[in-house]
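Below is one structure, written out as structure tokens, with a few remarks after it.
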Amino acid sequence: VAWMCSFNFSPRNVPMASAEKAYQLKGHAKFVDLARLFGWQVLNDYWYSYNEDYENSNPIDTSIDGQILRLAKCVGVDIRPLLHFWGTHPEDPNALAAAIAAEGLQPSNAILNTLTHYKSIVPADNAAFQTFAMNWWGHQPDPLGTWTESEHGRQWDSTPWYSQNNDTEQRPNGEIYVEATAADIQGDIDNIIALYFPGADTDPPTPNPATFASAPTAVSETEITMTANTGSDSSGPVEYYFDETSGNTGGTDSGWQTSASYTDTGLSESTQYTYTVTMRDSLGNTGTASAPASATTLSSIPEVLLEQNNNQNDKVDVKDGQKGAQSFKHGSAGDPDYQITKIELKLSRDSDSPDQALAFTLGTSVNGGTISDSAVNIQPSEVTNTSGGSSFMTYTVTYSTPVGPLNPNTTYYLNFQTGGNGNAYYIGYNDDNTYGNGTYYKSGSDDGKDCYFKIFGSDISVVDVDPPTPNPATFAVPPAADSDTAISMTATTGSDATGPVEYYFDETSGNPGGTDSGWQTSPSYTDTGLTASTQYTYTVTMRDSVTPTPNMGTPSSPANATTQPAPDTDPPTPNPATWAVAPAADSDTAISMTATTGSDATGPVEYYFDETSGNPGGTDSGWQTSPSYTDTGLSPSTQYTYTVTMRDSVTPTPNIGTPSNPANATTDPPPPDTDPPTPNPATFSSPPAAVSDTEITMTATTGSDATGPVEYYFDEISGNPGGTDSGWQTNPSYTDTGLSPSTQYTYTVQMRDAVTPVPNVGTASAPANATTDPAPNYPPTFSSDPINEINATEDAAYSSTIADDANDPEGDPMTFSKVSGPAWLSVAANGALSGTPTNSDVGLNVFTVQVNATGGSDTATLNITVINTNDAPTFTVDPINKPDATEGAAYSDTIASSATDVDVGDTLTYSKVSGPAWLSVAADGALSGTPGSGDVGANVFTVQVDDGNGGTDTATLNITVNAGGTPHSQTIVVVDGWCSKNGKTFQDDGKVYIFTSSDNDYWDVEKNEYISLEFSNISFGAGAVITSVTVHCEHHEESGFSSGNIEWNVGTGWPSGATTWGTNTSVPAHTSDQTDSWDVTSYVNSTTRVNDLEFRIKNNDNDKKIKPDYVYVTVEWTE
């Protein structure tokens, strides 16, 4: 909730800078959520893969998108919506979406449910937000001690708050948490859901609010049952939550459940319980609770049949607004009072289907004197239509709260009345009074008949006569002051068979403001409007709910409590504050002052000394308990102004008084400075030292003086050439330049301060010497880099020199050498170049050469181009032995890889010099031809290779021709296969027949899917030689199929472990059935491949289907 309400997430841009938000800012929340939803192992896998790449020196994508993709692959779902919620956004959303899709990662309902849940817990308004903030913060005081309110609650509250300057401020309306804030936050979550879960269900089940199909009804002394109207939602199943809200003993919520019905058990008898029902779907979309509905558990008092007339053989009507009444009487004079719990009637209605209810009451007179809580409206839908009363149903009126007490031996009436015209009901009766128990009155007149009825209830004599326990009542929490005007207390909860128990808290002292509670069902009471520092006395009494006269217990022992003193609202005195000792200078840098000691009922008093001039160094004291203050670090001869304010120690907000009148004080002037800087004499922190042959550097020890800045004078006293004084300078370091090499120089340093008009000058340091470095010897250098020498020729001796390409400034002798480059070239010490390059050196040769002399060395790049001379090609083997040929069978092979040429770029061509005529040798080395019967046996040929530049070579080629066998041919058919779309074999799917004949049975190869087909085997004889293999496929394509999107493959091993031998993407598309054939002899050239052959049809179209029908293969061979 804190994250959703912070400016990082919420669109209302209200800063919430408290440290608690660091949990999210450190990125923990998203990882915890992933672990909670998908298990800690996914995080282990993530870091393991990361470390494995690191250990193996694999490239690691450390971008935000790279980390999201790595984590998503470990989780196995698209985690972007959850990371988006927690504030991690892609750098390139489109590229990341494509990468997620390429990995086949889908959004997860678990994440959708989580986001929906987060949406449901957003505080609805400021009151809900404040409750959250206070509970989360724990009501701890802030560091300034000025409020106990939560920092988060304070920032979005609608009440004034104290700033750090103790000014009362009011938040602008745009920064107060209101219903619009909640709507904005929920809208942000809806936007995330809409982005990643388009069309997702975010609505709760209907009806919303939920309603009861069967309202809560007592079924025993300890059970109440109820049923909600069945919810409807696209994201089922719907769950129901029955919430018992009265808090009476034993009442229990159902928890979330899929059943629409609930029975609450373990309840107290004769006690009212109240319920609501709420629904949610499987995504966590939770609706609004129903209106509350109540029911009272039954009494344990035994229910008996009090009176009855159970003979019914006719009917009497009540229609068109008429009234009817049946009298009854129970008991004799002197019997106990009784109560009615249930009445059984015989009812019917006319086929005209009345649209108004039949009103039924218990009365003390004919159609009058209605007894409280006895009225019932019997709806038309509750009474069976029996076509004018030809038969009757039993209708039972049940009272959850018994009607009574009723007096014995007293006549009462069952009163009936219909609505207007056309509303006809019938009441069963008997017409001979044999079983009568009273008289029926129709429209106010004695009808001489008796209605059928049964009246159930109980004598009051068996009703509860005991008051609640404990008796006398006791206090669970005795009276105690909450404030200066309120005292709270809680009675020990009472127990009674006839609940609910009621409590009466009686204030007996009579002191001002003391008030009794009156009878209430809550065992707790707070008496308000009391007088501060006053004692009040209370007792508590309990009674049960027996009617008409509850059983009342004995009052508790009296208990006293005294209200707290009235709060202190006055600041300390004197107010405004005053000075006991006005501000006065102590020195040139300090001013002291003392306030008049404050007096307050809520101590200790604190003092705040405020420096108001703003002059340099002036400082406020802050709140302190001492009435004295010294402001230090001030500027000399400067006026400063002060006020003092007092406050008391009232919490959470002290009473702050009015500041005193301002008072001024001026610091003393500074004393005169007559001392030179220290140390005196001056010293060197870094003595003079040579940094080259012309420079010496040095640093003085930094001087200190009250009158700065300190200045330094470096004095060169040897008088040697080039030595120079520094002059007065503020820099404690000095470098003397323009000196002579190998020469000693001597220096002193002295310091002075900035006193005017005459500075204080200190004593010079002891002299210090340094000798410049000797003059340097400079290295030789090449005059050009790179050095481009004359060309060399392959296999010819080379000669040149680089001696004239370098020089030395001092004329020192130079020696030359080769640092790197091709091995054929040698560099002599005098710079001479020699060697013989070979073919492998043809082209640009790059060398690194070096020259050395007394002062050092230099290197340069040396370039020599080697010109090529032609080299003849050579056969790598002679003789060349090729596989045997067969009489009458086409022969195919090559000698293209049998020769090499060292010259780069030469193109080799091949030819036959001599040998039997049946064999042809193509220029690219391909061998072809068909030997005849006269060629059987060893065949010897001479073949030649030519590089096109005058170079040739020859070799002997041996091929043995074997006698040919008997020709054979056979057609093999489809016996099984596999479809990538459904992952089934055609045998399992019963669809092999589609491919075994030419008919109107087709198989649809969907876009970007494929099928593979297996064929029957051939039993080949020994020495079988394959001469021809052709695949035939009858097929057509849907209209609009793009040409070039049919792909045929031959191979084996689909769907897993596939090996492809050949591919054909030149298959034409047809709009009607056509058979295309493909010669695959060059791929299926052995008996093993024939029997392993599989044929794959792949659809590379993005829209239309391929429809293959009859597929078969013709095979020819000799044995």
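Letter by letter, the sequence shown follows residues 23 to 1141 in our numbering. Positions of the beta carbon are idealized from the N, C-alpha and C atoms, including for glycine.
Residues bridged to residue i (per DSSP)
{"i": "residue 1055", "result": "1098 and 1133"}
{"i": "residue 921", "result": "897"}
{"i": "residue 1086", "result": "1070"}
{"i": "residue 316", "result": "296"}
{"i": "residue 234", "result": "250"}
{"i": "residue 669", "result": "628 and 678"}
{"i": "residue 718", "result": "712 and 758"}
{"i": "residue 865", "result": "888"}
{"i": "residue 653", "result": "613"}
{"i": "residue 774", "result": "733 and 783"}
{"i": "residue 878", "result": "875"}
{"i": "residue 633", "result": "664"}
{"i": "residue 524", "result": "565"}
Exposure label - residue i; buried when at least 16 CB within 10 Å
{"i": "residue 524", "result": "buried"}
{"i": "residue 95", "result": "buried"}
{"i": "residue 849", "result": "buried"}
{"i": "residue 371", "result": "buried"}
{"i": "residue 111", "result": "exposed"}
{"i": "residue 1015", "result": "exposed"}
{"i": "residue 437", "result": "buried"}
{"i": "residue 1130", "result": "buried"}
{"i": "residue 160", "result": "Interpretation of residue 160 is limited by its pLDDT of 48, a score under 50 that renders its predicted location unreliable; the figure taken from the coordinates is listed afterwards. The residue is exposed, with fewer than 16 neighbouring Cβ atoms inside 10 Å."}
{"i": "residue 696", "result": "exposed"}
{"i": "residue 278", "result": "exposed"}
{"i": "residue 972", "result": "exposed"}
{"i": "residue 1134", "result": "buried"}
{"i": "residue 534", "result": "exposed"}
{"i": "residue 138", "result": "buried"}
{"i": "residue 563", "result": "buried"}
{"i": "residue 106", "result": "buried"}
{"i": "residue 565", "result": "buried"}
{"i": "residue 50", "result": "exposed"}
{"i": "residue 124", "result": "exposed"}
{"i": "residue 256", "result": "exposed"}
{"i": "residue 732", "result": "buried"}
{"i": "residue 947", "result": "buried"}
Whole-Å CB distance - residue i paired with residue j, under 8 Å assumed
{"i": "residue 706", "j": "residue 787", "result": "6 Å"}
{"i": "residue 314", "j": "residue 297", "result": "7 Å"}
{"i": "residue 794", "j": "residue 763", "result": "5 Å"}
{"i": "residue 515", "j": "residue 559", "result": "Contact flag wrong, Cβ pair sits at about 22 Å."}
{"i": "residue 1076", "j": "residue 1086", "result": "The pair is not a contact, with the Cβ atoms about 16 Å apart (cut-off 8 Å)."}
{"i": "residue 966", "j": "residue 935", "result": "5 Å"}
{"i": "residue 680", "j": "residue 782", "result": "Their Cβ separation, rounded to whole angstroms, is 51 Å, which puts residue 680 and residue 782 out of contact at 8 Å."}
{"i": "residue 1000", "j": "residue 1034", "result": "5 Å"}
{"i": "residue 362", "j": "residue 479", "result": "4 Å"}
{"i": "residue 581", "j": "residue 527", "result": "About 10 Å; that fails the 8 Å criterion."}
{"i": "residue 650", "j": "residue 675", "result": "Between residue 675 and residue 650 the Cβ distance is about 26 Å, and since that is not below 8 Å, they are no contact."}
Residue of the options minimising C-alpha distance to residue i
{"i": "residue 421", "options": "145, 292 and 1074", "result": "292"}
{"i": "residue 249", "options": "243, 241, 242 and 234", "result": "234"}
{"i": "residue 958", "options": "946, 917, 778 and 911", "result": "911"}
{"i": "residue 1048", "options": "212, 1107 and 1090", "result": "1107"}
{"i": "residue 791", "options": "708, 780 and 822", "result": "708"}
{"i": "residue 890", "options": "539, 816 and 51", "result": "816"}
{"i": "residue 66", "options": "77, 53 and 802", "result": "53"}
{"i": "residue 414", "options": "619, 367, 1066 and 977", "result": "367"}
{"i": "residue 949", "options": "955, 931 and 877", "result": "931"}
Proximity test, Cβ basis, 8 Å: residue i and chain D
{"i": "residue 623", "result": "Absent from the structure is chain D; it holds one protein chain and no more."}
Practice prompt. Run through the segment 943-992 for me and flag every whole beta strand (DSSP E) of 3 or more residues, listed as ranges in chain order.
Written response: 948-951, 959-968 and 974-984
Worksheet item: Could you give the uninterrupted runs of the beta strand (DSSP E) lying entirely in the segment 992-1044, keeping only those of 3 residues or more?
Response: 1032-1037
Fill in: 3 or more residues per run - each beta strand (DSSP E) lying fully within the segment 718-744
You should have 718-722 and 733-738.
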